[in-house]
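Mind the numbering: the sequence shown is residues 33 to 922 in this note's numbering, read in order. Let me begin by presenting the structure, written as structure tokens, before commenting on it.
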Amino acid sequence: MSLTVDKVRFEHHREALGIDERSPRVSWVSGGDVQNWQQASYDIEIQRDSLKDIQSFHADSSDSVLTPWPADPLQERESAKLRVRVAGTDGSVSEWSPWTAVEAGIDQSTWSCDVIESGLDGEKGKPHRPIRFRRDFEVADLNSLAKARLYITAHGLYECHINGQRVGDHVLTPGWTNYNFQLPFQTFDVTSLLRSGKNTIAAYVGEGWYCGRLGFAGGSDNIWGKTLGLQASLFLTPSDGEPVVINTDKSWKEEFGPLLSSGIYDGEEFDARLDEPSWLLPGFDDSNWRQVKTATLDRRERLVAPSGPPIRRTQFQQPLETRETKSKSIIVDFGQNLVGWVKIRLAAGTSGQKVVIQHGEVLQKDKEHVDTRPLRTAKAQDSIILSGSDPIEWEPKFTFHGFRYAEITGLAMADLLSITAVVVHSDMERTGWFDCSHPLISKLHKNIVWSMRANFVGVPTDCPQRDERLGWTGDIAVFCKTGSFLYDTVGVLKNWLSDVDSEQKQNKTGIPNLFTPDVFPDFPFRPATAVWGDAVVLVPWDLYQASGDKKVLEAQIEGMRAWIEEGIPRNERKLWDTTSVQQLGDWLDPSAPPSEPGLGRADSVFVANAFLVHITRLMAKISSAVGDEEGAKKYSNDFNELLEAFTDEYITQRGRVVNDSQTAIALAIHFDFLKTEEKVEVAAARLEEIIRSESRFKIASGFVGSAILGPALSKAGRTQIFNRMLEHRRNPSWLYPVQMGATTIWERWDSMLPDGSVNPGEMTSFNHYALGAVADWMHGVMAGITSLEPGWKKIQIAPIPGGSVTSVNAKHLSPYGMIEVSWAIEGELFTMTVKVPLNSVAVIKLPASTETVHVGSGTHTFSAPYEQPEWPILPFYRPFTPHDDDAIEI
């Protein structure tokens, strides 16, 4: 097969229109089924709009990920296109890649247009009614137009049209950030939407995150402002000459429209009687509309082009069942807990008839209504007031819901013409796949993927449905490695980490917030909390491992140092001083009471100190990676001192861990705190004893322990013990929710009780990704795919079969291309096929073998004798302890 080059990218953008970087690094993937291929050199050609001649560059280098921009920096709004050709160490030369476009964005200093605002200020506690803005303008001669670019953002969420055609396919723009520190803007190529003569640009703006209600316990509104606003510049660039610029200014008009209300938590209300689609078109009479107010952009707001992909509609889910209840409401079951909204088509009905769509994740026990208790104060309702004239097709603009079920009232079944669920999330590239011969484990993995999609709507959130939906740092701290295998998360999380860093600096204590963006800015108590605070180290480190991008570390290292040096209160031994700080610990251990989710088996101070030792060691590695050798030496010394203090405090001379819990022992093993093989064996034997005799293969850990229990047991040679836990089906276990019909990961192990009722705890989400961190073990142990270097240039394939699983198929799209592993056991023979991408190498280790095989790119097949280990693993029973079916059921 011929050698090819494709997937040329700039920084971490799949679409490089209007990017902030002026010298964007360039990456590409070499393709072709070529054995043992390594890149020796590359050529880059750049065609710039500002230059007539193509620029050519050559480098003798094996680098193909995040290579330096070879030319002069791009100027503001400058367009260019680039292509790549590579040569191998074997003398092979590829064809040129297709041309890939890149265009610089607009500078904040240049963007001098006004922010236009509504003339009505919002009142505290009352939602802002969405506002329509419009303006007509002229294009003298479309044929002389080289390009047209719209730069646009809002105080609120916006949807923009030009001449009645929607601009772009993004939704919930400009996205969610801490708007005091960064206000994202979007760049759109709108050349094809224009016409010669009169044109119209129009935008609808709703409150969104900017000034809508956010937060639990009633929340707050008007967090970043009290007034809806729009800021836009339309650059019409002719073939020759300077661009004509259409700015937001006092020439724009504003008016209310058919949207009566719209909120993130509470949903949207639409009155079809007020709809007038012609407002989007030239010639509409807006003489009765109000003139807008103008305001100057708050200079605290740093206008930024997003580093990650936009939020988009990514899938359309058809109903599994639609039925009418005894009370004449309509229940629509989409068969999948998801995030987004419904697109609905209704008969004309009668004028003023109100149709209400109630969203929810579960039904009440009698199956007659959606259960809204888990939503707390979030209404999660969309309403349509019919005009009585024509059938209507409608979907909301400025809200989203977490739901599997929609309950429709005010409508006869015959008048429901169609309904579809629209799946919405940040449009990250999928990079990880897994399935195996065990259908419930495969389903568990699918549930994890769905929960990740649901909780990446611009920000990594805890849940997507109730009056919360916040960027909790602890959740992503334990899930980031898993998530970065499944999707390319770098762009989204870089954007979020920028806010984490800004808020941490604002606190002036070194302490990061528990969630970002901060929706309680006036709240005085900012506690130092392990794991959650440690996210400032853990998340950038995981992103660096996934991408190989040192700039992720460089951007966050100041905040990392502030947290470790200033934020963490220390005692005389430099461990955590917890006399005045309440830790969250191993959050949602199943033994914790519903009202006290932090009171689990693992000592929360032990957990805090274990992570302190761990992140200190990581800081030594991070410092070395960014070239700070003095810092690396300092943190290495600090780590050794802390490890000695931790060992003295918590580990006996033989290796027993004094906090006798699954989580505590697993942390000591996983973080390599046990200094000899003998101590590891003592600790691992005790962990096995707890699992087999006390919990009897049931989960006895929360967010923290569940993420590391599998890796710890495998590291200690007890993979079969974890296989037994993973395959357990009774509550609490990973497969219990699957057995109960779950299609996502639950917040609690028993969010739904065995009788089908909802857990009585106040926090009962059916869509939380944190406990899905177990997928990291599926990828790294069951499939055996791990990276030996940041960025996946060197790979290890070392699957450990076990349990009742007889085959696994897994893939990961690395920065160098697709890694594929497929293995199966037939009788006493293990066979495996591995595909290694070009310009990468892999170390292969077969089960039960101490030898390794080093291979280059291409497809490789292996086989070896296989002896099935003991299965099923049975519990240990103490004398006089009754044997229960729970412990032996597989």
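Don't be surprised by glycine CBs; every beta carbon is placed ideally from N, CA and C. Note that this is a predicted model, so its numbers are computed, not measured.
Report yes if the C-beta distance between residue i and residue j is below 8 Å; otherwise report no.
i	j	result
Asn479	Ile731	no
Ile701	Ala739	no
Asp221	Lys158	no
Ser923	Thr121	The requested residue 923 does not occur in the structure, where the chain is confined to residues 33 to 922.
Gly420	Gln497	no
Trp128	Gly490	no
Trp573	Leu650	yes
Ser458	Asn799	no
Ala802	Gly816	no
Val371	Phe430	no
Phe678	Phe705	yes
Ala567	Ala624	no
Thr354	Val364	yes
Thr205	Pro342	yes
Glu439	Gln368	no
Arg181	Thr219	yes
Phe466	Leu502	no
Ile255	Pro553	yes
DSSP beta-bridge partners for residue i?
i	result
Val866	Val853 and His892
Arg485	Answer is none; Arg485 lacks a bridge partner.
His391	Ala438
Leu266	Leu182 and Ile278
Phe165	Ala235 and Glu286
Gly229	Val171
Tyr519	Arg462
Determine the DSSP secondary structure at residue i, reduced to helix, strand or coil.
i	result
Val40	strand
Gly154	With a pLDDT of 49 at Gly154, under the threshold of 50, the modelled position of that residue is not reliable, and no figure is offered here.
Phe213	coil
Pro897	strand
Asp221	strand
Ala802	helix
Thr99	strand
Tyr848	coil
Thr695	helix
Arg756	helix
Gly742	helix
Cys468	strand
Asp827	Note on identity: in this sequence residue 827 is Ile, with Asp being the wrong assignment. Three-state result, Ile827: strand.
Pro923	Nothing can be reported for residue 923: it is not among the residues displayed for the chain, which extend from 33 to 922.
Phe302	strand
Asn841	strand
Lys583	helix
Asp670	helix
Gln79	strand
From residue i to residue j, what distance separates their C-alpha atoms?
i	j	result
Gly154	Arg161	Residue confidence for Gly154 is low, a pLDDT of 49 falling below 50, so the modelled location carries little weight and cannot support an answer.
Pro105	Lys867	38 Å
Ser846	Gly64	15 Å
Ala640	Trp608	7 Å
Ala698	Trp143	53 Å
Thr505	Pro549	10 Å
Thr695	Ile722	11 Å
Glu300	Gln385	16 Å
Glu860	Ser895	11 Å
Val481	Tyr519	9 Å
Arg57	Asp38	16 Å
Asn320	Thr280	19 Å
Asn755	Pro907	13 Å
Glu287	Ser579	47 Å
Residue i: which of the options sits nearest, CA to CA?
i	options	result
Leu312	Lys230, Arg355 and Gly299	Lys230
Ala807	Ala379, Asp365, Arg762 and His477	His477
Val532	Glu427, Leu449 and Trp564	Trp564
Val134	Arg166, Ala453 and Ser111	Ser111
Lys258	Gly273, Ala249, Gly251 and Glu239	Glu239
Asp621	Ser765, Leu644, Glu287 and Pro833	Ser765
Ile163	Gly542, Leu292 and Asn487	Leu292
Leu260	Arg80, Ser294 and Leu266	Ser294
Asp168	Val276, Gln214 and Phe316	Phe316
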